[in-house]
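*Asks:* Following this message is one structure expressed as structure tokens.
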Amino acid sequence: MVKITEGTFKIGDLDLYTRTWLPDDGAIKAKLILVHGFSDHCGLYDAFGSALAAAAIGVFGFDQRGWGRSVRKPSDKGLTGGTAQVVSDIAAFVDSHLPSSSSSSSSSEPPVFVLGHSMGGGEVLALAGDPGHRATASRVRGWVLEAPFLGWAPGAEPSALKIRAGRLAARVLPRRQMVHRFAPEDLTRDPATVEVLRADELCHDTGTLEGLAALLDRTDALVRNAVRIDPSVVRGLWLGHGTADKATGYAFSSAWFGAQTALADKTFRTYDGWYHQLHAEPERDVYFGHVIEWVLARVDEVPAVAAAAAAATVGTQAQAAAEGEAQGEGAAEAPGTEAEAKAAADDKPESKL
């Protein structure tokens, strides 16, 4: 059984709505931070959160400022601030779930993973590549991107004139609201979910000129590789995208992923014929399984590395004690060899359903 808990997370004078999915006994192997997309909220991820919690992965989501239940009045809709504010909010929430670096038990605490969907995918990449948040990002074990916004799907992009006019207006009217609607039937092929999205008043389709301009600027920086994804910070990356996505472009995700040649542990998964919300597609359980498998494979590395280090220490002490008494005997296997082999095995080429 899974327990779903609601709460708030305070940033300054703002209380952001939170939603947590945990197994009933509270015992988890990993934590996954959930960052939702545009006109979205974490209450729409119950099936996903419950599936991961049942596999001992605790999921911790929050409604970003301007979205979902974090909106208190109409003027709050889409009021996200610029990229610095967005990234700072996410970093603060991630920080709150990281083990204390000064804690003696931090090595035994569950590793933290971060997932971003759609707009949230671009946002978590902005966090991962921000030198100002390196201390936070470098402590994240892995990054999961679900149909990240790295470019528009064919036919979904606004006109160049609309984008140019919006950018100019954002300089003088940053809080001016603008509606950008995605038809629910273009987000998922599941009829029941389409009706849920259509009736959900929390999906308000409203951004501000400042927020929308910042979203486009972040995306442009990522596509131009102006945001550097440092392999010493991003230790693991998983990206999944549907080929029939009508909101964000599959081709942009594929091209961006192919450019990340410095990353050793990276996986790209193609979902043939799937739409934008992988977590809400009719075959969603397949996607859930892929994320669970990838996360848990990296959780097991933590005790393996610790055990190797302990074995190396014991071996060194024994060697010193027996020095001169057992010359000519073979040396023990170098610590870390098994972990390195596992990491190499995980560096798979693109896989498809």
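Throughout, this note's numbering is defined as the position within the sequence shown, counted from one, plus 5. Cβ atoms here follow ideal geometry from the backbone N, Cα and C, with glycine treated the same way.
1. With a threshold of 16 other CB atoms inside 10 Å of the CB of Leu-166, please say whether the residue is buried or exposed.
2. So Gly-127 and Arg-223 are in contact, right, with Cβ under 8 Å, and what is the actual spacing, rounded?
3. Determine the burial state of Pro-79: buried for a count of at least 16 other Cβ atoms within 10 Å of its Cβ, exposed for fewer.
4. Cα separation between Ala-140 and Pro-116?
5. Since I believe Leu-132 is in contact with Glu-151 (beta carbons under 8 Å), could you give me their beta-carbon distance rounded to a whole number of angstroms?
6. Would you kindly work out how many angstroms separate the C-alpha atoms of Arg-274 and Leu-227, rounded to a whole number?
7. Among the candidates Leu-244, Trp-26, Glu-298, Lys-36, whose CA atom is the shortest distance from the CA of Gly-48?
8. Going by other Cβ atoms of all chains shown within 10 Å of its Cβ, with 16 needed for buried, is Thr-10 buried or exposed?
9. Taking only three categories from DSSP, how would you classify Trp-157?
10. Cα separation between Pro-104 and Tyr-276?
11. Would you kindly check if the distance between the Cβ of Gly-216 and the Cβ of Thr-85 is under 8 Å?
12. Based on the DSSP secondary-structure assignment, which residues constitute the bridge partners of Trp-299?
13. Name the DSSP beta bridge partners of Lys-36, please?
14. Taking the straight line between their C-alpha atoms, what separation do you get for Arg-70 and Leu-21?
15. Would the beta-carbon of His-122 fall within 8 Å of that of Trp-72?
16. Hey, quick one: how far does the beta strand (DSSP E) through Trp-72 stretch, first residue to last?
17. Run through the DSSP bridge pairs and tell me what Val-92 is partnered with.
18. Less than 7 Å between C-beta atoms, sequence neighbours within five positions excluded: which residues of the same chain meet that for Gly-31?
19. Let's test the definition: count the other Cβ atoms within 10 Å of the Cβ of Asp-18 and tell me whether it reaches 16, buried, or not, exposed.
20. When the Cα atoms are used, what is the spatial distance from Arg-172 to Asp-191?
21. Buried or exposed, going by whether 16 or more other CB atoms sit within 10 Å of the CB of Thr-266?
22. Is Val-300 closer than 8 Å to Ala-35 when the C-beta atoms are compared?
23. Using three-state DSSP, classify Lys-357 as helix, strand or coil.
24. Starting from Gln-282, follow its DSSP beta bridges and name the residues at the other end.
25. Going along the chain, which unbroken runs of the alpha helix (DSSP H) with 4 or more residues stay wholly within the region 186–256?
26. From Asp-205 to Asp-195, what does the alpha carbon distance come to, in whole angstroms?
27. Leaving out five residues before and five after Met-6 in sequence, what residues of the same chain have Cβ atoms less than 8 Å from its Cβ?
28. Does Leu-57 come out as helix, strand or coil in the three-state DSSP assignment?
29. Going by other Cβ atoms of all chains shown within 10 Å of its Cβ, with 16 needed for buried, is Glu-330 buried or exposed?
30. Spatial neighbours of Glu-286 within its chain, please: C-beta separation below 8 Å, excluding the five flanking residues on both sides.
31. Who pairs with Pro-28 in a beta bridge, going by DSSP?
32. Thinking C-alpha only, which one of Asp-51, Val-304, Leu-37, Gly-125 is nearest Phe-43?
33. Residue range of the alpha helix (DSSP H) that Leu-132 falls in?
34. What are the boundary residues of the beta strand (DSSP E) that includes Val-149?
35. Under the three-state reduction of DSSP, which class applies to Leu-21: helix, strand or coil?
36. Give the DSSP-derived three-state secondary structure of Lys-15 in the structure shown.
*Replies:* This is what the structure gives:
1. Result: exposed.
2. Approximately 5 Å separates the beta-carbon atoms of Gly-127 and Arg-223; this is inside 8 Å, confirming the contact.
3. Around the beta-carbon of Pro-79, fewer than 16 other beta-carbon atoms lie within 10 Å, marking it exposed.
4. Between the C-alpha atoms of Ala-140 and Pro-116 there is a straight-line separation of about 15 Å.
5. Between Leu-132 and Glu-151 the Cβ distance is about 16 Å, and since that is not below 8 Å, they are no contact.
6. Approximately 20 Å between the Cα atoms of the pair.
7. That would be Trp-26, whose Cα lies nearest to the Cα of Gly-48.
8. The residue in question, Thr-10, is exposed, as its Cβ has fewer than 16 Cβ neighbours within 10 Å.
9. Trp-157 falls in the strand class under three-state DSSP.
10. Rounded to the nearest angstrom, the two C-alpha atoms are 34 Å apart.
11. Result yes, Cβ atoms of Thr-85 and Gly-216 sit closer than 8 Å.
12. Its beta-bridge partners do not exist; DSSP assigns none.
13. Gly-63, Val-117, per the DSSP bridge assignment.
14. About 7 Å.
15. Contact: no.
16. For Trp-72, no beta strand (DSSP E) segment is defined, and its DSSP state is neither H nor E.
17. Val-92 is not bridged to any residue.
18. Cβ within range, chain order: n/a, list empty.
19. Counting the other CB atoms within 10 Å of its CB gives Asp-18 a total below 16, which places it among the exposed residues.
20. A straight line joining the alpha-carbon of Arg-172 with that of Asp-191 spans about 26 Å.
21. That one is exposed.
22. Taking 8 Å as the Cβ cut-off, Ala-35 and Val-300 qualify as a contacting pair.
23. The predicted position of Lys-357 is uncertain, since its pLDDT is 44 and thus under 50; a value taken from the coordinates is nonetheless stated next. In the three-state reduction of the DSSP assignment, Lys-357 falls in the strand class, which pools E and B.
24. DSSP output for Gln-282 lists no bridge partner at all.
25. Qualifying alpha helix (DSSP H) stretches, in chain order: 196–204, 214–228.
26. Spanning the two alpha carbons is a distance of roughly 16 Å.
27. Its chain contains Pro-28, Asp-29 as the residues whose beta carbon lies nearer than 8 Å to that of Met-6, once the 5 sequence neighbours on both sides are disregarded; these appear in chain order.
28. DSSP, read as helix, strand or coil, puts Leu-57 in helix.
29. Any answer about Glu-330 is weak, because its pLDDT of 40 lies below 50 and its placement is not dependable; what the coordinates show is given next. Residue environment for Glu-330: exposed (fewer than 16 other C-beta atoms within 10 angstroms of its C-beta).
30. In its chain, beyond the 5 residues on either side, Thr-193, Arg-194, Asp-195, Gly-247, Tyr-276, Trp-279, Tyr-280, Tyr-292 have a beta carbon closer than 8 Å to the beta carbon of Glu-286.
31. Note: Pro-28 sits in a beta bridge opposite Val-7.
32. The residue with the shortest Cα to Cα distance from Phe-43 is Gly-125.
33. For Leu-132, the enclosing alpha helix (DSSP H) has its first and last residue at 124–133.
34. Element bounds for Val-149: 147–151.
35. Under the three-state reduction of DSSP, Leu-21 is assigned to strand.
36. Lys-15 falls in the strand class under three-state DSSP.
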